[in-house]
Structure formats: C-alpha cells, structure tokens
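So the sequence lines, in the order shown, correspond to chains A and B.
Positions 1 to 212 (this note's numbering) are the ones given, in order, by the first sequence.
Positions 1 to 252 (this note's numbering) are the ones given, in order, by the second sequence.
Idealized CB from N, CA, C, for every residue including glycine.
Please read these numbers as outputs of a predicted model, since none were measured by experiment.
Below is one structure, written out as structure tokens; the observations come after it.
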Amino acid sequence: MHIPDGILPLPVTLGGYAATVGLAWFSIYMIKRRQDPRENIPKASLLTAVFFTASLIHIPVPPVSVHLVLGGLMGALLGFYAIPAIIIGLFFQAVMFGHGGLTTLGINTIIIGTPALLAHYIFRFRNTAPADPKRTGFFGFLAGSTAIALSVTIFSVVLFTNIPAHMDPETEMTAILLLIAAHVPLMIIEGIITCMTAVFLLRVSPGILDGV
Amino acid sequence: MICCQSSQNSCFSRLDPRFKLISLFILAFSFSFVSEPKLLPAMLVLTMAAFCLSGLPGSYILKRLKIPSIIVLALVFTLPVISGETPVASLGFLTITLEGLAASALVAVRFLCIITLALIILGTTPVQTCVRAFQALRLPWIMADMALLVIRYIEVIGSDYRRMRTSMVLRGFSGQRTGIKTLKTMSWLIGSLVVRGVERSDRIYRAMRVRGYGNLSPGSHGFKATKLDILIFSAVIMLAALLVGLELHLGS
Numbered sequence: 001m002h003i004p005d006g007i008l009p010l011p012v013t014l015g016g017y018a019a020t021v022g023l024a025w026f027s028i029y030m031i032k033r034r035q036d037p038r039e040n041i042p043k044a045s046l047l048t049a050v051f052f053t054a055s056l057i058h059i060p061v062p063p064v065s066v067h068l069v070l071g072g073l074m075g076a077l078l079g080f081y082a083i084p085a086i087i088i089g090l091f092f093q094a095v096m097f098g099h100g101g102l103t104t105l106g107i108n109t110i111i112i113g114t115p116a117l118l119a120h121y122i123f124r125f126r127n128t129a130p131a132d133p134k135r136t137g138f139f140g141f142l143a144g145s146t147a148i149a150l151s152v153t154i155f156s157v158v159l160f161t162n163i164p165a166h167m168d169p170e171t172e173m174t175a176i177l178l179l180i181a182a183h184v185p186l187m188i189i190e191g192i193i194t195c196m197t198a199v200f201l202l203r204v205s206p207g208i209l210d211g212v
Numbered sequence: 001m002i003c004c005q006s007s008q009n010s011c012f013s014r015l016d017p018r019f020k021l022i023s024l025f026i027l028a029f030s031f032s033f034v035s036e037p038k039l040l041p042a043m044l045v046l047t048m049a050a051f052c053l054s055g056l057p058g059s060y061i062l063k064r065l066k067i068p069s070i071i072v073l074a075l076v077f078t079l080p081v082i083s084g085e086t087p088v089a090s091l092g093f094l095t096i097t098l099e100g101l102a103a104s105a106l107v108a109v110r111f112l113c114i115i116t117l118a119l120i121i122l123g124t125t126p127v128q129t130c131v132r133a134f135q136a137l138r139l140p141w142i143m144a145d146m147a148l149l150v151i152r153y154i155e156v157i158g159s160d161y162r163r164m165r166t167s168m169v170l171r172g173f174s175g176q177r178t179g180i181k182t183l184k185t186m187s188w189l190i191g192s193l194v195v196r197g198v199e200r201s202d203r204i205y206r207a208m209r210v211r212g213y214g215n216l217s218p219g220s221h222g223f224k225a226t227k228l229d230i231l232i233f234s235a236v237i238m239l240a241a242l243l244v245g246l247e248l249h250l251g252s
C-alpha cells in the first residue's frame with residue numbers, strides 16, 4: 001500500500017509533505033506536553049523496530065500472499081508516537097527495500113498515519129469500561145480493520161485520481177472500487193491479527209495496552 | 001546498513017551528506033514535475049551520469065528495483081489499454097492508445113530515475129550518517145533519537161523474530177495454510193515480539209539515563225561543506241531549474 005516514486009504529480013507529492021509536516025508537528029506537540037517526553041522514546045523506537053520486522057510477515061491468501069501493514073496496532077499501542085514511527089519506518093522501507101518512495105514519503109505517511117491515529121482513538125474506547133478479553137478483542141478488531149480500510153480508500157483515491165493519464169470518471173470509480181474490494185481480505189486479516197495480539201497482550205502484559 | 005562497500009572510494013561518498021540529501025530531494029521533485037515526454041531522455045542521461053560517477057555496481061541497483069517494479073509494471077502495462085482516446089494498435093479486444101503509451105513511459109522513466117538517484121545517494125551514505133545529516137538539517141530531536149534507536153535495534157529484533165520463527169517451524173508450524181490457527185500463531189508471535197521489545201526498552205532507557213541521556217547538550221554534527229560540495233550543489237540546482245523551465249516552456 002505504498003505509492004512508489006514517479007506516479008504522482010508534483011502538487012500531490014508536495015501536498016503530501018505539507019500535510020505530513022502538519023501531522024508530525026501535531027504529534028510531536030502532543031508528545032512534548034508530557035512531563036518527560038524522552039522517557040518513552042526507547043519504548044516507541046523498539047516498538048517501531050518490532051512493527052517494521054512484523055510488517056515483513058506474509059500471510060497466505062490463495063492464490064497470493066499479503067504482507068501486514070499493522071497501522072491499526074501501531075496506532076493502538078504507540079498513540080501519538082505512531083506518526084514519527086511511521087515516517088521512520090516508511091523512510092527505511094524506501095531506502096532498504098525500495099517499498100514506497102522518497103517523493104511519496106509524505107503522501108504514504110498520510111495513507112498509513114492518519115488511519116493509525118484514528119485507530120488510537122478507536123482503541124481508547126476500550127477504557128470506558130473495565131477491560132476484558134472480549135471488549136479488548138472487539139476494539140482491537142475495529143481499530144485494525146478500520147485503519148486498513150481507511151488506508152486502502154485513501155491509497156486508491158490518491159492513486160487513481162492522480163495517475164498521469166486521462167481516465168473517464170466511470171473507469172476511475174470502477175478501478176477504485178475494484179482495488180478496495182481486492183483488499184477486503186487484508187482488512188479482515190489485519191482486524192483479526194490486531195484483535196488477537198491485543199488479547200494476547202491483555203493476558204501477558206496488560207500495561208502495554210495502556211499505550212506509550 | 002545499506003551503504004554499498006564498493007562505493008566507499010567514489011567521489012560521492014566524500015561529499016557532505018547534508019548537501020547530498022538536499023540535492024537528492026531537489027532532483028527527485030524536479031523529476032516528478034516533468035510530464036513532457038520529450039524531457040524523458042534528458043532525465044535518463046542525467047541519472048546515468050550520476051550512476052557512472054557513483055561507482056556503484058549495477059547489481060546493487062537492480063536488486064533493489066525488484067519489488068517496487070511490480071506496482072509500476074502493473075501501471076505500465078494497464079495504462080495503454082485503460083486510458084487515452086487515440087488508438088494506435090489493437091490486441092484482440094484490447095485497444096492500445098497513444099496517450100496511454102505516453103503515460104506509461106512517463107511513469108516508468110520517472111520511477112526509474114528517482115529510485116536510481118535515491119539508491120545512488122543512499123548507497124554512498126551510511127543510514128546513520130543520513131539520520132545525522134537530517135538532524136543537522138533541523139529534524140526534530142524526537143524523530144532523530146527514534147530513528148537512531150530503530151537503526152540500532154532493528155537487527156536485534158530481527159534476530160529475535162528469526163529465532164522464534166525457527167522454533168515455530170521446529171514445532172511443526174509451516175505458515176503456508178490459510179486459517180484462524182495461522183493468524184492466531186502469527187498474532188502471538190507479534191505479541192511476543194512486542195513484550196520482548198517493551199521489556200528491553202526499559203533496560204535501555206535506564207542505561208541511557210545513566211550515560212546522561214536528556215542532560216547533555218547536543219554536540220556539533222561534524223559535517224563541513226567544501227568548495228566541491230557547493231559546486232555540485234549549484235550544478236544540481238541549475239539542472240533542476242533547467243528541467244522545470246523546459247517543462248514549463250514545452251507545456252505551454
């Protein structure tokens with residue numbers, strides 16, 4: 001779900017960077033409001049490394065296999081640290097594996113980061129009542145699947161409304177809907193993975209679910 | 001981590017990383033501004049010249065082009081048949097259009113040139129140096145600290161992951177079946193990595209505090225621009241301006 005270099009026109013890539021700067025500024029502002037903003041940096045960094053590694057896991061979905069994005073889980077566990085973590089992760093993915101790109105780093109951050117922040121707020125609803133595995137699993141599933149659904153929607157709309165070719169609106173809409181439909185299995189898988197990981201953490205180390 | 005060993009003695013590896021990164025972004029954005037097919041050969045020549053000067057082996061670039069090429073290839077092959085209005089050829093029920101072919105060429109060349117330039121710059125600069133250069137360019141300290149810690153611990157976490165995966169395989173897990181059991185095992189694997197990461201981070205934070213983390217003023221980044229850096233940077237700005245100027249001229 002990373003848009004590579006070369007596809008999007010300059011106004012979109014620059015707009016993506018401008019929006020990312022705003023999002024990063026907001027996240028860093030929220031992080032700096034804490035009493036000791038440095039305290040959680042090692043935790044957020046190690047979790048970023050964990051998510052970077054876990055995103056390389058492939059899940060078989062015949063006839064292909066999909067790799068995990070884990071935007072929802074990142075949002076749920078990292079909170080506002082998710083935005084710096086996603087920028088760093090996307091930069092390393094671009095330079096180490098060629099996933100995504102440098103000019104599209106901004107727009108790719110919006111594609112994965114905005115849904116991650118939404119997932120953070122969704123997962124916080126878990127705290128409105130005493131946490132039990134069912135409640136944690138439900139909000140975990142909701143956070144994971146909503147994040148990926150929103151990411152796929154932004155990705156498809158940005159991609160098909162900005163490719164350098166004239167497509168009639170009907171073809172454009174069909175392509176967007178087809179791409180979203182093709183990602184439905186990934187939405188379910190991400191939801192289940194986020195749900196089961198959250199329940200696992202609730203049983204093993206519940207403090208982690210309070211976020212960074 | 002990514003820096004290519006064979007490029008250690010090239011002139012690119014001796015340049016100031018701050019100027020290299022700014023030059024890369026200027027060129028990449030000027031390439032993404034181009035939409036005129038007549039300018040594509042100029043972009044290719046410029047990229048080839050940078051590649052020859054870098055001293056990087058061709059295999060280094062080709063190896064990293066594999067994965068992103070799949071997305072770009074999908075667009076390159078579908079655009080000629082799903083977009084445009086002027087037919088140039090017919091393949092059964094598919095009609096290839098002139099505008100679609102031009103769009104395909106544009107996507108392919110822009111992608112190839114930008115990613116090659118990025119690989120050249122990052123292949124001649126270690127990732128840690130890149131982060132320090134970004135820090136010298138006013139990257140917020142939260143992001144710089146996080147990036148350096150991610151670089152430091154990504155191999156450790158990766159090693160944990162490989163060890164756990166191996167023990168799962170030894171216990172009979174193949175990971176090739178689709179089903180709730182596979183997803184459960186994968187979730188527990190991710191959960192275990194998260195727990196280990198958080199436990200390790202507590203120890204790391206205490207060790208960092210003991211060494212003065214948060215109390216020391218950041219030292220000098222140690223980068224120093226030479227006349228060659230400024231000369232190359234000026235040439236990059238001129239080339240990017242020329243490209244943008246030609247695009248505006250040809251576009252109008």
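Amino acids of chain A, ordered along the chain, whose beta-carbon sits closer than 7 Å to that of residue i
i        : result
Ser13/B  : The premise fails here: Ser13/B is roughly 16 Å from chain A at the closest Cβ pair, so nothing lies under 7 Å.
Pro140/B : Ile28
Lys184/B : Met196
Met48/B  : The contacting residues do not exist; Met48/B stays about 16 Å from chain A at best.
Thr178/B : Pro60, Val61 and Pro62
Proximal residues of chain A, C-beta to C-beta of residue i below 8 Å
i        : result
Arg200/B : Leu46
Ala74/B  : Under the 8 Å cutoff, chain A gives no residues; its nearest Cβ is about 11 Å from Ala74/B.
Ile230/B : Result: empty, since nearest Cβ-Cβ is about 23 Å, beyond 8 Å.
Val107/B : Gly6, Ile7, Ile163 and Pro164
Ser90/B  : None at all; the shortest Cβ gap to chain A is about 18 Å.
CB contact flag (residue i, residue j, <8 Å)
i        : j        : result
Leu102/A : Ile71/B  : no
Ala118/B : Phe223/B : no
Ile163/A : Gly16/A  : no
Val199/A : Thr136/A : yes
Leu15/B  : Ile232/B : yes
Ile154/B : Phe52/A  : yes
Tyr81/A  : Ala54/A  : no
Val236/B : Leu27/B  : yes
Arg33/A  : Tyr213/B : no
Leu75/B  : Val109/B : no
Ala143/A : Ile112/A : no
Thr182/B : Gly175/B : yes
Pro37/B  : Ala89/B  : no
Thr104/A : Thr194/A : no
Whole-number beta carbon distance between residue j and residue i, since they are thought to touch under 8 Å
i        : j        : result
Ile107/A : Ile3/A   : 6 Å
Met186/B : Ile59/A  : 7 Å
Asp160/B : Leu193/B : 6 Å
Met167/A : Ser83/B  : 5 Å
Ala147/A : Ile83/A  : That pair is no contact at about 13 Å.
His120/A : Gly79/A  : 5 Å
Gly197/B : Leu46/A  : 4 Å
Ser156/A : Ile176/A : 4 Å
DSSP bridge partner residues for residue i (one or two, in chain order)
i       : result
Ser90/B : Thr95/B
Ile59/A : Val66/A
Contacts of residue i in chain B (Cβ-Cβ under 8 Å)
i        : result
Ala116/A : In chain order: nothing, as chain B lies at least about 15 Å away.
Arg38/A  : Asp145, Tyr213 and Gly214
Ile208/A : Val194, Val195 and Val198
Closer than 7 Å at the beta carbon, the chain B residues around residue i
i        : result
His166/A : Ser83, Gly84 and Glu99
Asp132/A : Under the 7 Å cutoff, chain B gives no residues; its nearest Cβ is about 17 Å from Asp132/A.
Pro4/A   : Pro68, Ile71, Val72 and Phe111
Ile112/A : None at all; the shortest Cβ gap to chain B is about 16 Å.
Phe200/A : Ser187, Trp188 and Gly191
Cβ-based burial, residue i [other Cβ within 10 Å; buried from 16]
i        : result
Met1/B   : With a pLDDT of only 49 at Met1/B, under the threshold of 50, the placement of this residue in the model should not be trusted, and no figure is reported.
Phe19/B  : buried
Phe92/A  : buried
Arg126/A : buried
Ile28/A  : buried
Asn40/A  : buried
Leu184/A : As written in the sequence, residue 184/A is Val, which differs from the Leu given in the question. By the neighbour-count rule (16 or more Cβ atoms within 10 Å), Val184/A is not buried but exposed.
Leu8/A   : buried
Ala116/A : buried
Met196/A : buried
Ala207/B : exposed
Cys11/B  : exposed
Leu202/A : buried
Leu62/B  : exposed
Chain A contact residues for residue i, given Cβ-Cβ distances below 9 Å
i        : result
Phe51/B  : The premise fails here: Phe51/B is roughly 16 Å from chain A at the closest Cβ pair, so nothing lies under 9 Å.
Thr166/B : Chain A residues near Thr166/B: none, gap ~14 Å exceeds 9 Å.
Leu149/B : Ile41, Pro42, Ala44, Ser45, Leu46, Thr48 and Ala49
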